[in-house]
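Beneath this line is the structure, given in structure tokens, with notes to follow.
Number of protein chains: 2
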Amino acid sequence: MKATLIYGAGDVRVETVPDPKLREPTDAIVRVLRACICGSDLWPYGSKPPQDHGDRIGHEFLGVVEDLGAEVTGLKPGDVVVAPFVWADNTCDFCREGLQTSCRHGGQWGSNDVDGGQGEAVRVPQASGTLVKLPVGEDSALLPSLLSLSDVFPTGHHCAVTAGVDARTTVTVIGDGAVGLSAVLAAKRLGAERIVLMGRHTARTDLGRAFGATDVVAERGDEGIERVRELTGGDGTHTVLECVGTKPAIETAFGVVRDGGTVSRVGVPQYPEVPADFGVFFRNITLTGGVAPARAYIEELLPDILDGRIEPGKVFDRTVGLDDVPDGYRAMADRDALKVLIRP
Amino acid sequence: MKATLIYGAGDVRVETVPDPKLREPTDAIVRVLRACICGSDLWPYGSKPPQDHGDRIGHEFLGVVEDLGAEVTGLKPGDVVVAPFVWADNTCDFCREGLQTSCRHGGQWGSNDVDGGQGEAVRVPQASGTLVKLPVGEDSALLPSLLSLSDVFPTGHHCAVTAGVDARTTVTVIGDGAVGLSAVLAAKRLGAERIVLMGRHTARTDLGRAFGATDVVAERGDEGIERVRELTGGDGTHTVLECVGTKPAIETAFGVVRDGGTVSRVGVPQYPEVPADFGVFFRNITLTGGVAPARAYIEELLPDILDGRIEPGKVFDRTVGLDDVPDGYRAMADRDALKVLIRP
Numbered sequence: 001m002k003a004t005l006i007y008g009a010g011d012v013r014v015e016t017v018p019d020p021k022l023r024e025p026t027d028a029i030v031r032v033l034r035a036c037i038c039g040s041d042l043w044p045y046g047s048k049p050p051q052d053h054g055d056r057i058g059h060e061f062l063g064v065v066e067d068l069g070a071e072v073t074g075l076k077p078g079d080v081v082v083a084p085f086v087w088a089d090n091t092c093d094f095c096r097e098g099l100q101t102s103c104r105h106g107g108q109w110g111s112n113d114v115d116g117g118q119g120e121a122v123r124v125p126q127a128s129g130t131l132v133k134l135p136v137g138e139d140s141a142l143l144p145s146l147l148s149l150s151d152v153f154p155t156g157h158h159c160a161v162t163a164g165v166d167a168r169t170t171v172t173v174i175g176d177g178a179v180g181l182s183a184v185l186a187a188k189r190l191g192a193e194r195i196v197l198m199g200r201h202t203a204r205t206d207l208g209r210a211f212g213a214t215d216v217v218a219e220r221g222d223e224g225i226e227r228v229r230e231l232t233g234g235d236g237t238h239t240v241l242e243c244v245g246t247k248p249a250i251e252t253a254f255g256v257v258r259d260g261g262t263v264s265r266v267g268v269p270q271y272p273e274v275p276a277d278f279g280v281f282f283r284n285i286t287l288t289g290g291v292a293p294a295r296a297y298i299e300e301l302l303p304d305i306l307d308g309r310i311e312p313g314k315v316f317d318r319t320v321g322l323d324d325v326p327d328g329y330r331a332m333a334d335r336d337a338l339k340v341l342i343r344p
Numbered sequence: 345m346k347a348t349l350i351y352g353a354g355d356v357r358v359e360t361v362p363d364p365k366l367r368e369p370t371d372a373i374v375r376v377l378r379a380c381i382c383g384s385d386l387w388p389y390g391s392k393p394p395q396d397h398g399d400r401i402g403h404e405f406l407g408v409v410e411d412l413g414a415e416v417t418g419l420k421p422g423d424v425v426v427a428p429f430v431w432a433d434n435t436c437d438f439c440r441e442g443l444q445t446s447c448r449h450g451g452q453w454g455s456n457d458v459d460g461g462q463g464e465a466v467r468v469p470q471a472s473g474t475l476v477k478l479p480v481g482e483d484s485a486l487l488p489s490l491l492s493l494s495d496v497f498p499t500g501h502h503c504a505v506t507a508g509v510d511a512r513t514t515v516t517v518i519g520d521g522a523v524g525l526s527a528v529l530a531a532k533r534l535g536a537e538r539i540v541l542m543g544r545h546t547a548r549t550d551l552g553r554a555f556g557a558t559d560v561v562a563e564r565g566d567e568g569i570e571r572v573r574e575l576t577g578g579d580g581t582h583t584v585l586e587c588v589g590t591k592p593a594i595e596t597a598f599g600v601v602r603d604g605g606t607v608s609r610v611g612v613p614q615y616p617e618v619p620a621d622f623g624v625f626f627r628n629i630t631l632t633g634g635v636a637p638a639r640a641y642i643e644e645l646l647p648d649i650l651d652g653r654i655e656p657g658k659v660f661d662r663t664v665g666l667d668d669v670p671d672g673y674r675a676m677a678d679r680d681a682l683k684v685l686i687r688p
């Protein structure tokens with residue numbers, strides 16, 4: 001089959017790799033209907049040292065069950081399924097606590113001989129726990145939004161949930177990438193009435209407004225902090241959803257959070273430490289968030305997509321075939337595309 | 345009257361200062377029955393640059409109402425009252441949210457012409473909001489435990505509450521000072537069944553066991569982390585209560601917290617930043633806590649003291665008169681005393 005490999009910064013290739021086969025009785029083989037490129041794929045795409053062998057890449061996909069190991073329950077060939085971006089048994093103590101990203105028998109796509117998501121098919125370990133059956137056909141118009149359940153929408157949701165967003169909280173979302181916009185949608189869905197989106201790309205912030213942002217702040221740094229404070233009577237917002245991962249973004253988060261408030265971060269941190277000095281301490285600021293246990297949220301979010309109440313798939317603004325995945329990476333890295341959908 | 349002043353590191357003096365008088369109609373004058381020395385007083389005692397004038401010091405006291413401004417309600421002369429370690433109107437939006445430390449009209453003892461607590465009397469601003477009436481006489485045997493409501497016990501309680509301690513959470517408390525021991529007592533009161541206390545002073549950890557600690561770990565650093573992990577099946581505890589404030593202590597906290605868990609800190613931070621790298625992110629660790637809004641907790645904690653169900657005042661292991669306050673500082677700095685009670 002064909003699959004995507006990364007050889008180093010700026011060097012993504014689509015090559016022929018061995019077809020996946022069942023290895024463990026808990027495995028499934030899934031033929032990929034839709035995959036996509038994640039903002040977090042852009043970190044290695046931007047900085048990975050060159051190497052002579054490619055590493056499989058991609059961790060968001062949905063597809064059709066083709067083959068099942070003897071111990072897999074709850075699935076049958078032909079089922080349309082979505083996979084969260086980390087595989088997990090969904091039965092261990094961490095999974096039962098809703099932290100499938102720390103599953104005792106889980107792992108990540110594209111490493112340790114597990115396929116990446118940006119290919120024609122994937123061997124899925126712990127298939128009973130990992131995969132969620134979707135009550136749709138292979139040609140459903142809902143596939144983009146359902147694919148978003150793999151990572152980007154639950155990541156925005158995790159950010160809002162861990163921040164404690166509800167109808168009583170004001171919200172600042174930092175970042176107008178696909179995760180930031182998903183966080184806006186998630187905050188709105190959780191009842192937030194005041195959502196300030198910090199971003200400067202009008203096409204993206206327009207989608208943010210459609211998703212529920214009530215205010216857009218294009219300024220950055222101290223100027224951006226001042227602007228959010230102006231909008232909130234000088235106080236900042238109860239919750240801040242940091243969806244970028246850079247040091248300036250997390251510093252802005254601490255600048256716009258209200259005393260007693262919470263900063264939640266889901267942008268993969270490109271910094272080793274965060275401010276935690278006496279000022280942060282005296283203001284009782286909480287820092288939470290982390291890698292989203294998407295699996296924990298899929299059943300909760302799915303009905304809203306099936307009913308058409310939300311359309312998180314609107315973050316996809318470009319579609320490529322598998323052969324054009326390298327172009328998709330370039331488009332996202334150049335900020336030409338917000339998020340690229342792949343139809344293998 | 346006599347009051348305590350600090351002139352620099354190691355230089356605390358008791359001197360005659362002007363008697364406090366009502367200035368605002370919202371003021372009260374309180375004659376101090378009991379005060380004490382806080383672990384946080386030891387930071388300036390250890391490092392304050394010398395100066396030619398003394399600064400008033402002390403922020404924990406209970407006493408008797410002597411005089412009241414015209415606008416003070418709910419109090420009368422002769423009432424025995426306790427003051428939280430930050431004064432507040434208890435009516436603004438932050439106070440209503442339980443964050444009296446960020447009160448819009450509040451402030452700190454011993455600055456801006458407000459008396460410190462380590463003296464014979466105190467002018468109390470925003471007296472209606474700040475003071476809590478205690479249903480005891482001036483000679484009550486409960487005074488030490490009631491004094492602990494001013495700071496040390498609510499601080500331990502705040503640490504446990506913000507960490508989310510309950511019957512289902514395992515707990516590590518870092519530090520066997522008065523705050524750490526108070527955090528043990530608070531965690532036990534909130535239902536925690538497994539409480540690991542990290543501390544190496546046997547007299548103190550013995551009190552920690554009496555307060556509810558189930559395990560004591562004397563080791564520090566990597567060795568201490570390993571020991572706590574051994575005690576918890578390799579995983580660490582759901583909650584970690586960091587009651588010291590040093591960089592090694594907060595680093596230990598991140599080392600002993602379970603994936604998905606919470607580190608809460610109430611030790612005044614002597615570090616500018618905390619670890620927040622990909623490892624912390626992937627493990628979904630939350631950092632919370634901060635300066636405790638003691639006022640928010642006094643009514644909740646008071647009945648347990650009045651009924652004798654808890655005795656947080658056991659952290660006081662030495663009592664001095666006002667003239668001997670400098671000895672009290674020395675004893676605490678030398679770790680000769682755990683926490684020093686002052687009877688002016």
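Top to bottom, those sequences are chains A and B.
Sequential numbering from 1 applies to the first sequence in my numbering.
Sequential numbering from 345 applies to the second sequence in my numbering.
Cβ atoms here follow ideal geometry from the backbone N, Cα and C, with glycine treated the same way.
Contact between the stretch 118 to 135 of chain A and the stretch 45 to 54 of chain A is absent: fewer than 3 CB-CB pairs across the two stretches fall below 8 Å. If you look at B/I518, you'll find it in the beta strand (DSSP E) that goes 514 to 518. If you check each beta-carbon in the stretch 272 to 283 of chain A against every beta-carbon of chain B, the ones closer than 9 Å belong to P272, E273, V274, P275, A276, D277, F278, V280, F281, F282, R283. Each residue's CA atom was taken as its position, placing A/E273 and A/R227 some 25 Å apart. For A/F61, the enclosing beta strand (DSSP E) begins and ends at 61 to 68. Interface residue (Cβ-Cβ distance to chain B less than 8 Å): A/E15 is not classified as such.
If you ignore the 5 residues before and after B/G463, its C-beta comes within less than 8 Å of the C-beta of M345, K346, A347, T348, V361, V376, A379, R400, G402, L666, P688, all in its own chain and listed in chain order.
In terms of Cα proximity to B/R609, the closest of B/E359, B/P364, B/A485, B/G524 is B/G524.
Taking C-beta atoms under 8 Å as the contact rule, B/T576 and B/T606 fail to qualify, at a distance of about 15 Å. The criterion of a C-beta distance shorter than 8 Å is not satisfied by B/G611 and B/G508. For B/D603, the nearest beta carbon of chain A is closer than 8 Å to its own beta carbon.
Per DSSP, B/G552 is one residue of the alpha helix (DSSP H) stretching across 546 to 555. For B/L645, the enclosing alpha helix (DSSP H) begins and ends at 638 to 650. Taking all protein chains in view, the Cβ of B/A640 is crowded by 16 or more other Cβ atoms within 10 Å, so the residue is classified as buried. Interface flag for A/I195 against chain B is unset, since no Cβ pair is found closer than 8 Å. Distance from the CA of A/G117 to the CA of B/V430, rounded to the nearest whole angstrom, comes to 55 Å. Taking a Cβ-Cβ cut-off of 8 Å, the neighbours of B/I629 in chain A comprise G290, given in sequence order. Taking all protein chains in view, the Cβ of A/E223 is surrounded by fewer than 16 other Cβ atoms within 10 Å, so the residue is classified as exposed. Judged by DSSP in its simplified three-state form, A/Q100 adopts helix. A/M198 has A/I174, A/V217 as its beta-bridge partners, per DSSP. B/D621: not part of any alpha helix (DSSP H); DSSP gives it neither H nor E. Linking B/A675 to B/H545 through their CA atoms gives a straight-line distance of about 15 Å.
A/T101 has a beta carbon lying within less than 8 Å of a beta carbon in chain B.
Only residues of its own chain outside the window of five on either side were considered, and among them T169, T170, V171, T172, R194, V196, V228, V256, V257, R258, G261 have a CB closer than 8 Å to the CB of A/T237, listed in chain order. Closer than 8 Å to the CB of B/V669 there is not a single CB belonging to chain A. A direct Cα-to-Cα measurement between B/G383 and B/D661 gives close to 14 Å. None of the residues of the stretch 225 to 242 of chain A has a beta carbon lying less than 7 Å from any beta carbon of chain B. Considering only A/R13, A/W43, A/D166, the residue with the shortest C-alpha distance to A/G191 is A/D166. Unbroken alpha helix (DSSP H) runs of no fewer than 4 residues, entirely contained in the stretch 224 to 286 of chain A, are found at 247 to 256, 278 to 282, following chain order. For the options B/V659, B/T499, B/E404, the alpha carbon positioned closest to that of B/G552 is the one of B/V659. Within a 10 Å sphere around the beta-carbon of B/K683 sit 16 or more other beta-carbons, which makes this residue buried. Annotation for A/V152: the continuous alpha helix (DSSP H) segment containing it runs 152 to 163. Here the alpha carbon of B/I649 sits roughly 12 Å from the alpha carbon of B/P498. Distances from the CA of B/T630 to each of A/R104, A/V291, A/G78 were compared; the closest alpha carbon is that of A/V291. Excluding its 5 nearest sequence neighbours in each direction, B/S492 has C-beta neighbours in its own chain below 6 Å: P656, G657, listed in chain order.
In the structure shown, A/K21 falls within a coil segment according to DSSP collapsed to helix, strand and coil.
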